[in-house]
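Colleague: The opening position of the sequence shown corresponds to residue 0 in numbering that gives the first Met the number 0, with each subsequent residue numbered one higher.
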Amino acid sequence: MRLEEMKNRLAGLVIFRELLKDPVAAAFREMLEARCRADGEAFTASCAAFEAALFESGDNWSAYLHDIVLESENVCVRHQAAGGVSPVLETTLHRELAFFDELAQVRLETLTDGLPGAPAFLESWAVAPSAISTDYVQRMREVSSKGYGIFARYHVFTVEDGQLVPVKYPDPQRLEELPGYEKEREKVIANTRALLAGKPANNVLLYGDAGTGKSSAIKAIANAFADEGLRLVEVKKNQLYQIPDLMDALASNPLKFILFIDDLSFTANDDNFAALKAILEGSVGGRAHNIAVYATSNRRHLIKETLTDRTGDDIHESDTRQELMSLSARFGLTITFGSPDRDRYLHIVEQLARQYGVEMDARELAVRSEAFAIRAGGRSARVAKQFIELCKAGVPC
0 MRLEEMKNRL AGLVIFRELL KDPVAAAFRE MLEARCRADG EAFTASCAAF
50 EAALFESGDN WSAYLHDIVL ESENVCVRHQ AAGGVSPVLE TTLHRELAFF
100 DELAQVRLET LTDGLPGAPA FLESWAVAPS AISTDYVQRM REVSSKGYGI
150 FARYHVFTVE DGQLVPVKYP DPQRLEELPG YEKEREKVIA NTRALLAGKP
200 ANNVLLYGDA GTGKSSAIKA IANAFADEGL RLVEVKKNQL YQIPDLMDAL
250 ASNPLKFILF IDDLSFTAND DNFAALKAIL EGSVGGRAHN IAVYATSNRR
300 HLIKETLTDR TGDDIHESDT RQELMSLSAR FGLTITFGSP DRDRYLHIVE
350 QLARQYGVEM DARELAVRSE AFAIRAGGRS ARVAKQFIEL CKAGVPC
């Protein structure tokens, strides 16, 4: 392909036009335009700028282009997720993908051939065989499990100003690393499988004592089912008013989402109380079938109450109490994570010792871990993990 045609094809992208905003792709375009003007000085500067941008993530142009194309959120992949792509869009898509296959093989030598004053001191970036067209068509077929855009690259998100922000280094917690509460977690896993299968799935409340692994269980489930199309969105209590708009945006996405609210509790006059009630079930729009709310709390009924609240001057005290209890009732599945008894605690300690490679006589392990729990204020899965980590580090405990 002639360089002038390559420049025009790049400027004329339709389906993948957003790629031109990518800093590396934009630098490549500027470099190509300078080359087509046969401006050696401008080409040298733009070539250096392109390499500087590319080398931030690697030196392989083919691999970089492959990744940004496959992660592109565009009209074709959205239509595919919604049911299908029209013939016009499909033709345009395949034409642009074929162009990317050629573009991925462009080296510095391709551009400097015949250019007066070519920068001989610059090293060429790397290229490699690439099948962008084939891989993208496969990604289109797998859109329900792989997703598109940022959802194809990340599986855990937070919320900032009503927008999803990917977590680049999520907690790598695994289910097999969480001994002691398998029976409780199995209910959450079954509910999650129902969500992924498109069956009716409940909102889930995990409540119980601190340190029993409620939050870890949800994070581990998100990691376990990420390849099957599950995404986790962590939401803070003070962000609940932003969630309805976010849920509307996610409702048309082919992936499944868990809205995760950690350590949830309210005071009786908390404005976020009504917001969560609407999110769970009470709005006129209903709840999207690809979204479920998973919350953890140390309170069964989520509302902090005092004796003054119970002996106040409310004329309709019964109605008020029903209102306060209605929130927890909107979680279709409530699972209790209680403090472990001695046998469960020692089982957790033994399993963690195996995971961490801590070798200790079983009797000594039991005695020392029990003593540590007493000093820590009581038994819990968190205390067991802290004890084993200290043993692994060689810290007297």
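Virtual Cβ for every residue (Gly too), placed ideally from N, Cα, C. Predicted, not measured: the structure shown is a model, and the values here were computed from it.
By DSSP's criteria, L258 is part of a beta bridge. Which residues make up the other side?
Modeller: V232 and V292
Colleague: Where L110 and L263 are concerned, what is the direct C-alpha to C-alpha distance, given to the nearest angstrom?
Modeller: For the pair L110 and L263, the Cα-to-Cα distance works out to about 58 Å.
Colleague: Below 6 Å, is the gap between the Cβ of V394 and the nearest heavy atom of the ligand FAD?
Modeller: Because no ligand of any kind appears in the structure shown, any question about the ligand FAD cannot be addressed here.
Colleague: How is L163 classed by DSSP in three states: helix, strand or coil?
Modeller: Three-state result, L163: strand.
Colleague: Do three or more CB pairs link the stretch 72-90 to the stretch 155-168 at distances below 8 Å?
Modeller: The answer is no - the stretch 155-168 does not touch the stretch 72-90, with fewer than three Cβ pairs under 8 Å.
Colleague: In terms of residues, what are the limits of the alpha helix (DSSP H) holding V87?
Modeller: Going by DSSP, V87 is part of the alpha helix (DSSP H) stretching over P86 to L102.
Colleague: Taking G207 as part of the beta strand (DSSP E), name the residues at either end of that continuous run.
Modeller: V203 to G207
Colleague: Can we say the stretch 189-206 touches the stretch 369-382, given the rule of at least three CB pairs closer than 8 Å?
Modeller: no
Colleague: I'd like the list of long-range same chain contacts for L69, defined as Cβ closer than 8 Å, with 5 residues on each side in sequence excluded.
Modeller: I131, D134, Y135, R138 and A151
Colleague: Closer than 7 Å by C-beta to L19: which residues in its own chain qualify, once you throw out the five before and the five after it? Chain order, please.
Modeller: L12, A25 and R28
Colleague: Would you kindly work out how many angstroms separate the C-alpha atoms of H154 and L194, rounded to a whole number?
Modeller: 16 Å
Colleague: Excluding five sequence neighbours on each side, which residues of the same chain lie with their C-beta closer than 8 Å to the C-beta of S61?
Modeller: A103, Q104, A125, V126, A127, P128 and S129
Colleague: Note down, in chain order, each residue of its chain lying with its Cβ closer than 6 Å to the Cβ of Y147, except the 5 sequence neighbours on either side.
Modeller: E72 and V76
Colleague: Would you identify the three-state DSSP class for T333, choosing helix, strand or coil?
Modeller: strand
Colleague: For D100, which residues in the same chain have their Cβ closer than 6 Å to its Cβ, ignoring the five residues on either side in sequence?
Modeller: I131 and S132
Colleague: Measure the C-alpha to C-alpha separation of F15 and L258 and round it to an integer number of angstroms.
Modeller: 30 Å
Colleague: Assuming R8 and F98 form a contact by the criterion Cβ under 8 Å, report the distance between their Cβ atoms to the nearest whole angstrom.
Modeller: 5 Å
Colleague: Identify the continuous alpha helix (DSSP H) that holds K182 and give its terminal residues.
Modeller: Segment E181 to L195, the alpha helix (DSSP H) holding K182.
Colleague: Taking L239 as the reference, which of I220, D160 and I188 has the closest Cα?
Modeller: D160
Colleague: Using the beta-carbon count (16 or more within 10 Å), is T295 buried or exposed?
Modeller: Per the 10 Å Cβ criterion, buried.
Colleague: To the nearest angstrom, report how far apart G377 and D340 are at their CA atoms.
Modeller: 10 Å
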